[in-house]
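Remarks on the structure that follows.
Residue numbers (my numbering): 21 to 295.
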């Protein structure tokens, strides 16, 4: 007799359950979705999660920790921890999820930093840390996630700098750093992000300068620098941004002049200089 495939899903709308220890066998679990829960932790001890592919615990505001058995979830592809505002850290073992392509931590405001092994998730394409206001640093190993295409760090108001390794993410297309009010500059390696199409720096009020090497990002189409009140000048290399279509410099109160080379941006359609 052929073995029956017991892969299954768990979808619960829990209002009172604080732990899932009552579920014994999760070896064939594929999809775990428990949104808006009262969970404080998943379960005690280790469970086999070798078939788990999708996990959504979003809006579980009391969740403080993930089970250590997440290290067994080597087939995990999509992890959503949006608005898990009590979650302070991800387990070191998240690096074992080498098939992970989407990690959403939007609004997890207690999260201080990502584990150093996050770089092991070499298939990661989308990382959303927006609203993680205590996020002080992005692990240097993020540069090992060479397939990263979408990185949202908007509202990470404690973030001071990006690691130099960000330049290794050569497939990066969208980088949102809006409202990163402590960010002072971009690393020179940003010039290696040759496929970058969208760069949002709106409200980066501590941003003093933009790396000269931004001019190497010749595919850049949309650049938002509005409300960058500490920005004094733009690098002359902007003249290489031949594909730039939209540029927002609204409320850049200390910007003295536009670089002469901006005239080389022959595809520029919208330029906002309003006060």
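Even glycine gets a Cβ: it sits at the ideal position worked out from N, Cα and C.
Rounded C-beta distance between residue 72 and residue 49? I'm assuming under 8 Å. Mapped onto the chain shown, residue 72 falls at position 52. Mapped onto the chain shown, residue 49 falls at position 29. Rounded, the Cβ-Cβ distance is 5 Å, consistent with contact.
So the candidates are 197, 295, 196 and 111; which of them puts its Cα closest to the Cα of residue 269? Sequence index remark: in the chain shown, residue 269 carries index 249 (1-based). The shortest C-alpha separation from residue 269 is found at 295.
Is it right to say residue 304 is buried, meaning 16 or more other beta carbons lie within 10 angstroms of its own, or is it exposed?
Here the chain has residues from 21 to 295 only, and residue 304 is not among them.
request  = Would you list the one or two residues that DSSP bridges to residue 124?
outcome  = Stepping through the chain shown from its first residue, residue 124 is reached at position 104. 100 and 148.
Check: What residue does the beta strand (DSSP E) around residue 172 start on, and which one ends it?
Finding: Here residue 172 corresponds to residue number 152 of the chain shown, with the count starting at 1. Residue 172 -> beta strand (DSSP E) spans 170-172.
Exercise. In three-state DSSP terms, what is residue 188?
Worked result: Indexing the chain shown from 1 puts residue 188 at position 168. Of the three classes helix, strand and coil, the one that applies to residue 188 here is helix, per DSSP.
C-alpha gap between residue 97 and residue 206, whole angstroms: In the chain shown, residue 97 corresponds to position 77, counting from 1. In the chain shown, residue 206 corresponds to position 186, counting from 1. Their backbone Cα atoms lie some 30 Å apart in a straight line.
Next on the checklist: If I measure Cβ to Cβ from residue 261 and keep anything under 6 Å in the same chain, skipping five residues before and after, which residues do I get?
Outcome noted: Your numbering for residue 261 matches position 241 in the chain shown. These residues qualify, in order along the chain: 240 and 285.
According to DSSP, is residue 234 helix, strand or coil? Translated into the one-based positions of the chain shown, residue 234 becomes position 214. Helix at residue 234.
(message) Spatial neighbours of residue 172 within its chain, please: C-beta separation below 6 Å, excluding the five flanking residues on both sides.
(response) Against the chain shown, residue 172 aligns to sequence position 152. So the list reads 148, 150 and 196, once near-sequence residues are dropped.
Determine the direct distance from the alpha carbon of residue 85 to that of residue 64, and round the result to whole angstroms. Residue 64 sits at position 44 when you count from the first residue of the chain shown. Residue 85 sits at position 65 when you count from the first residue of the chain shown. Computed Cα separation, rounded: 11 Å.
Can you tell me whether residue 242 is helix, strand or coil according to DSSP? For the purposes of this step, residue 242 is taken as the residue at position 222 of the chain shown. Reduced to three states, the DSSP call for residue 242 is strand.
Item checked: Proximity of residue 247 and residue 277 at Cβ, strictly below 7 Å -> Within the chain shown, residue 247 is the residue found at index 227, counting from 1. Within the chain shown, residue 277 is the residue found at index 257, counting from 1. Not in contact: residue 247 and residue 277 (Cβ atoms no closer than 7 Å).
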